[in-house]
Amino acid sequence: MINSKREVARSLKPLIKMDLATIEDLLEVPPRPEMGDLAFPCFTLSPTWKRPPAAIAADLARRLADKRGDFWERAVAAGPYLNFFLDPQALGRETLAAIFKEKGRYGGATTSNGRRIVIDYSSPNIAKPFGIGHLRSTVIGHALSLIYSALGYHCIEVNHLGDWGTQFGKIITAFKLWGDEKRLQADPVNYLFHLYVQFHRQAERDPSLEDEARLWFQQLEQGNPEAEEYWHKFRGLSLENYQRLYRLLGIKFDYFHGESHYNRYLEETLALVKEKGIAVESEGALLVDLDKHGLPPCLLQKKDGATLYITRDIAAAIYRYRRFKFDRALYVVGAEQKLHFKQLFKIMELLGFDWADRLIHIPFGLIRFKGGRMSTRAGKIVLLEEVLEKSIGLARAIIEEKNPGLAEKDRVAQAIGLGAVRFGDLSNDRIKDIEFDWDQVMDFAGETAPYVQYSHARICSILRKASPPEAEKIGELSGLLQQEEEATLLMLLGLLPERVVQAAQAYRPSLIARYLLEVAREFNRFYHNCPVLDSEPALRAARLLLIDGTRQVLANGLGLLGIEAPEEM
Ligand code: ARG
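Numbering (the working numbering), first residue to last: 313 to 881.
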């Protein structure tokens, strides 16, 4: 599709005097196939041509009437659009050739574009468990990083750990009162969480605990050695636990720069805020009035000197720009922090940073898990670790039932289990809330990773019986794929590069997930209606090419979502 875009752009260029890249960017895929394969929106020309878009479309169609390109056969005006109809034969050949040439890279770019994107994601809060609520940030952030990397961007993955803040005052207080070193060492994360919950329960009856906790946090901010020692211990133990999870998920952060990392820059940050005159001091507290910008005021420093989450985010943004000179910086954080990021971005703008518009919040909805939102304080939380273990266990049970003789059962169960959870998230529009349902995410025939993985494994099993022909045969064989099922599948395979670009532009990995479901569905329909191994030799060879291409597309697409594609399952 990418090449055909280029080719259409090339045909348009002499007529409209825009550069190729701009035309390519403007070309869209029409909503319905009968409208054509690529559409050029003529609104863009209206201001310079000083004519209505529909007249421009008609004019261009007239001038292209007796022409055709290598990949397109007809150009037709439809209202303000100029629609191109591609030549399916040429397109199919081009698609297969691209897949076999680019292999694991098909769908992405073959070269780097030199752009840098900082992706801040996952970022759990220490002393609180890594709940399934953080799952979304983790899988969406990781997928965005994989997608942008495939498109040639340099992604810098940062985990903005919540390793500073009042919760440390609380767990230090709780640990000093009720702490049990043995239990802490045995199961640190759950135990710290237990202390945190206990603290809140007790503080309801005895509010003086809150004062004590505030005092401890203050001590920590002032560098009291005892407080620091607790902090180190709690942080270290929690980090080990997170790292285990990330290893399991195949995620590697470039930096674990938590909130505490920015403490050393806070003084400078606050000085800058004062110097720029955007903050007011009131009773020792420092506050930015954002009323003029339709936002509530934003506290940067409390009167006891304590700084806040947003103060550290201001310092972090400055630090990141200085260090990475990013073209874009993404914050993959739940929609409940929308206001926080609006305030943050506005403050960066008021501080005069011309890169403030490169900061982008990527919000997402909540995960509901068997009813009710999870809350750390109430102690009702589903641990991600437990979810992943459960998922892998379920996958394992299904394998035992369906394919007990399978080699490497554990590895495959892990690929399916983790894939099911990831896809269960990523196949939904990120902004929507998700109802997490085990039966649904594990359904091998549903809209799930196991369904896509199973289709992939099915192809691998056919290809173990017969290898596809050499890529040089594509030219002569692709023309045999004339049946409707074959043409549809082939057309879909050609759409991967387009989908990857769209998913990146809209920050929506779900576009790739939905696309994979479509490919898997079309493959299964094809396979149901068109025999592969039992066809006569030339057609059999052509169909082997087609399914091998499908296999590659499924594997690449799953890979962009961080999901493995086992060859057998
Ligand atoms: N730790 C935060 C939370 O769990 C998320 C941090 C997101 N990143 C940021 N730069 N604010 O709510």
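Idealized CB from N, CA, C, for every residue including glycine.
For I774, the three-state secondary structure derived from DSSP is helix.
Counting only residues of its own chain and dropping the five nearest sequence neighbours on each side, N437 has a CB closer than 6 Å to the CB of G474. As a beta-bridge residue in DSSP terms, Q613 pairs with L598 and T619. The beta carbons of L789 and L845 sit no closer together than 8 Å. Apart from sequence neighbours up to five positions away, the residues of its chain that approach L557 with a beta-carbon distance below 8 Å are F442, L696, E697 and L700, ordered along the chain. At least 8 Å separates the beta-carbon of A825 from that of F756.
Its chain contains A732, F735, G736, S739, Q752, V753 and M754 as the residues whose beta carbon lies nearer than 8 Å to that of T760, once the 5 sequence neighbours on both sides are disregarded; these appear in chain order. In this structure E580 is exposed. Its beta-carbon is surrounded by fewer than 16 other beta-carbon atoms within 10 angstroms. Under DSSP, F383 takes part in no beta bridge, so it has no partner.
By a beta-carbon distance limit of 8 Å, A597 contacts K615. Their separation comes to about 4 Å. In this structure W384 is buried. Its beta-carbon is surrounded by 16 or more other beta-carbon atoms within 10 angstroms. For D669, the secondary structure class from DSSP, reduced to helix, strand or coil, is helix. Taken atom to atom, the span from the alpha-carbon of L805 to that of R863 is near 10 Å.
In the DSSP assignment, F505 forms no beta bridge with any residue.
N395 sits in a strand when the DSSP states are folded into three classes. Under the criterion of beta carbons closer than 8 Å, A373 and L350 do not qualify as touching, at roughly 14 Å. About 19 Å separates the beta carbons of F657 and R742, which is beyond the 8 Å limit, so they are not a contact pair. I429 and Y460 have their C-alpha atoms spaced approximately 8 Å apart. Proximity of the beta carbon of S435 to the ligand ARG is indicated: a heavy atom of the ligand is located closer than 7 Å. In this structure, D860 lies near L775, with their beta-carbon atoms less than 8 Å apart.
Between L671 and A628, the beta carbon gap of about 11 Å keeps them out of contact (Cβ cut-off 8 Å). CA-to-CA, the gap between L561 and E830 works out to about 25 Å.
Nearest to Y418 by alpha-carbon distance, out of L792, N315, N575 and G758, is N315.
A distance criterion of 7 Å places the beta-carbon of H673 beyond contact range of the ligand ARG, judged by its closest non-hydrogen atom. Residues T485 of the same chain have their beta carbon placed closer than 6 Å to that of E524, with the five preceding and five following residues left out of the count.
For P441, there is no enclosing beta strand (DSSP E), as DSSP marks it with neither H nor E. If you ignore the 5 residues before and after A389, its C-beta comes within less than 6 Å of the C-beta of A369, A370 and A373, all in its own chain and listed in chain order. Collapsing the DSSP output to three states places R363 in coil. L873 counts as buried, since at least 16 other C-beta atoms from the protein chains shown sit within 10 angstroms of its C-beta. At least one heavy atom of the ligand ARG falls within 7 Å of the beta-carbon of G474. Annotation note: the region 727-764 contains the following uninterrupted beta strand (DSSP E) runs of length 3 or greater, listed N- to C-terminal: 746-748. Rounded to whole angstroms, G869 and Y465 show a C-alpha spacing of 17 Å.
At least one heavy atom of the ligand ARG falls within 7 Å of the beta-carbon of D432. Each residue's CA atom was taken as its position, placing D378 and L327 some 14 Å apart.
Under the three-state reduction of DSSP, E340 is assigned to strand. Checking the DSSP bridge columns, you'll see E593 partnered with L598.
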